[in-house]
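Shown next, in structure tokens, is the structure this report addresses.
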Amino acid sequence: MMPLSGQLKGKKVLDFIEEMFMGKVLKKALGIAVLNALSATCWQLRPPLDYVIKNGVDAFETLTLPEEGYTVIVGALTPIIKRVKKGKNKFCILEMDPVTLKADELPFYKATDRAPEVLPTADLVVITGTTLINDTLEDLLKLTKPEADIVVVGPTASMLPEAFFQRGVNLLGGTVVTRPDGLLDILAEAGSGYHFYGEFGERVVIQKRKGS
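Residues 0 to 211 (numbering that gives the first Met the number 0) are what the sequence shown spells out, left to right.
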């Protein structure tokens, strides 16, 4: 059940942020959503100088797969899994629940407890933003080698990027809401990103500016 459902309007932003650390998943998700909204406001008021924001761009389409290298995908990220399956790239999928994978993807499945084994060998690491909610992102980043390209993607990865960049992430792929009222109508009717992208929201890519 969503905490305080129907009682969130008018609540102080600081309260949402503080409750992120109370150990409840839904409160953490709410706090991250608030941080994402604040980040979008910051970009409008003070455009960034040391990183680049590209609106209307799909992070998965910007990725260059290492031809001779190894790719590790953390989470059942369908778009990037489809791409690597079409090529000859060596890859694996770290996932908590193998049921989320298709039959032809199971040979590439690795249980999450094998992260210390596979992540240090990866040249490209693509990580679901859900790791922000389940508190696994930082440990995963610590396992990657310094020269690896690291991408974090998902609606949760739409906030000010400095903390990610300091930990080795090269690129964030998230979502920015452009028409909140219309988006809420879509969500109320059980819609998803496929229903609102382009009209009520858009994909966004955040990456370090060259030389910064």
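Glycine included, every Cβ here is placed at the ideal spot set by N, Cα and C.
| request: Kindly indicate which three-state DSSP category residue 206 falls into: helix, strand or coil? | output: Here residue 206 corresponds to residue number 207 of the sequence shown, with the count starting at 1. Residue 206 falls in the strand class under three-state DSSP.
| message | Under 8 Å: do the segment 70-77 and the segment 111-130 share three or more Cβ pairs, one atom per stretch? | response | yes
| task | Check whether the Cβ atoms of residue 160 and residue 205 sit closer than 9 Å, and answer yes or no. | result | The sequence position of residue 160 within the sequence shown is 161, counting from 1. The sequence position of residue 205 within the sequence shown is 206, counting from 1. Result yes, Cβ atoms of residue 160 and residue 205 sit closer than 9 Å.
| query | In the structure shown, what three-state DSSP assignment does residue 31 receive? | reply | Indexing the sequence shown from 1 puts residue 31 at position 32. Residue 31: helix per DSSP, three-state reduction.
| query | So, residue 45 versus residue 62, is the Cβ gap smaller than 9 Å? | reply | As a working mapping, residue 45 is identified with position 46 in the sequence shown. As a working mapping, residue 62 is identified with position 63 in the sequence shown. Cβ distance not < 9 Å, so residue 45 and residue 62 don't count as in contact.
| request: Please confirm whether residue 142 and residue 114 have their CB atoms less than 9 Å apart. | output: Within the sequence shown, numbered from 1, the residue matching residue 142 stands at position 143. Within the sequence shown, numbered from 1, the residue matching residue 114 stands at position 115. It is a contact, given that the beta carbons lie within the stated cut-off.
| message | Mapping the DSSP letters down to three states, classify residue 120 as helix, strand or coil. | response | For the purposes of this step, residue 120 is taken as the residue at position 121 of the sequence shown. Three-state DSSP puts residue 120 in a helix.
| Excluding sequence positions up to five away, which residues of its chain have a Cβ less than 7 Å from the Cβ of residue 99? | By 1-based counting over the sequence shown, the position of residue 99 is 100. Closer than 7 Å at Cβ, skipping near neighbours: 75.
| task | Would you identify the three-state DSSP class for residue 171, choosing helix, strand or coil? | result | Numbered from its first residue, the sequence shown carries residue 171 at position 172. Residue 171: strand per DSSP, three-state reduction.
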